[in-house]
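Read the structure below first, then the notes.
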Amino acid sequence: MTKIMNKLFVVTAAASASLLTGCVPAGVYQPPQAPQTLDYSREVNANFDATWSAITNVAGATFFNIKNFDKGSGLMTLEYDNMRGNVGAYVTCGEFVSTQAAYKNPHPDPKSAINYMTISDVQMHLSGRANVMARPVSDTKTNIQINSQYTLKITQKIGDRIESIGEWNFTSREPDTKTVDVAYKPTNVTCQSSNKLENDFLTEVTARLPTNITSTPVEQPLAPVSKKRTRK
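Read left to right, the sequence shown gives residues -26 to -1, 1 to 206 (mature numbering (1 follows the signal peptide of the UniProt record, and there is no 0)).
Here is the structure:
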């Protein structure tokens, strides 16, 4: 009787393990590709004053908070928090290539490794700061550069509890790698900027610059001078 019970226990355990394994997506993690360019600067056809005014307008009209600025040095420090909820568009943490779809899709990329980190409700929180530098090149040209710092926190909600999955700290140029579970397997996950923040900011500043139209003044013909007749 004991042998029969032991055999039943082994068979049940094996079946449970097989069922559990079948629920775990099988796949391969692929880290994000390095950005094609690390040059987050543009030279615009506008003088420094017009460029600085455009930078200030863009910073005030978007999700940024102006922390401090100094027009004399051309430096402005901006802070941001959660990007108005659209976090996924600004970061990439690589993909999990699998034939099985993720249970949750907090990241807009359906293959994102973030979507495979847990079956619980996932929340992404993004905060950081950006340094914007404007430098006059000439009387009609200005160089703008932006460098950003990111803090990405990913959490999961289990019942009434909020538990941390991982936290990454990276910049416009340098990614960050942390070990977290992807499809229930410890994985070195690299997160980095998608370059959207930097590119969008520079594009918006450029779009707000005045269009400089130089016109050559046209010389008007001189009116004929009438001579007074003198009486003889």
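Note that the Cβ used here is the ideal one computed from N, Cα and C, for glycine as well.
Taking Cβ positions, are P84 and G62 nearer each other than 8 Å? As a first step, residue 84 must be located in the sequence shown, where it is residue number 110. As a first step, residue 62 must be located in the sequence shown, where it is residue number 88. Not in contact: P84 and G62 (Cβ atoms no closer than 8 Å).
Tell me whether the beta-carbon of H99 lies closer than 8 Å to the beta-carbon of K131. The count along the sequence shown starts at 1 and reaches residue 99 at position 125. The count along the sequence shown starts at 1 and reaches residue 131 at position 157. In this structure, K131 does not lie closer than 8 Å to H99 by Cβ.
Reference S86; option with closest CA among S122, V18, Y64, M107: Here residue 86 is taken as the residue at index 112 of the sequence shown, counted from 1. The shortest C-alpha separation from S86 is found at Y64.
From I29 to A8, what does the alpha carbon distance come to, in whole angstroms? The residue given as residue 29 occupies position 55 in the sequence shown. The residue given as residue 8 occupies position 34 in the sequence shown. Taking the straight line from one Cα to the other gives about 28 Å.
Residue span of the alpha helix (DSSP H) that contains G140, given as start and end: Start at 1 with the first residue of the sequence shown, and residue 140 comes out as number 166. Going by DSSP, G140 is part of no alpha helix (DSSP H) but of the beta strand (DSSP E) stretching over 135 to 145.
A35 - containing alpha helix (DSSP H), residue span: The residue you call residue 35 lines up with position 61 of the sequence shown. Here the alpha helix (DSSP H) through A35 covers 22 to 35.
Do E69 and Q10 have their C-beta atoms closer together than 8 Å? Walking along the sequence shown from the start, residue 69 turns up at place 95. Walking along the sequence shown from the start, residue 10 turns up at place 36. Cβ atoms of E69 and Q10: not closer than 8 Å.
Rounded straight-line distance, which links the Cα of N39 to that of T116: Within the sequence shown, residue 116 is the residue found at index 142, counting from 1. Within the sequence shown, residue 39 is the residue found at index 65, counting from 1. Cα to Cα, T116 sits roughly 23 Å from N39.
When you compare each of R109, N60, V(-3) to D23 by their alpha carbons, which one comes out closest? By one-based count along the sequence shown, residue 23 stands at place 49. Cα-wise, what sits closest to D23 is R109.
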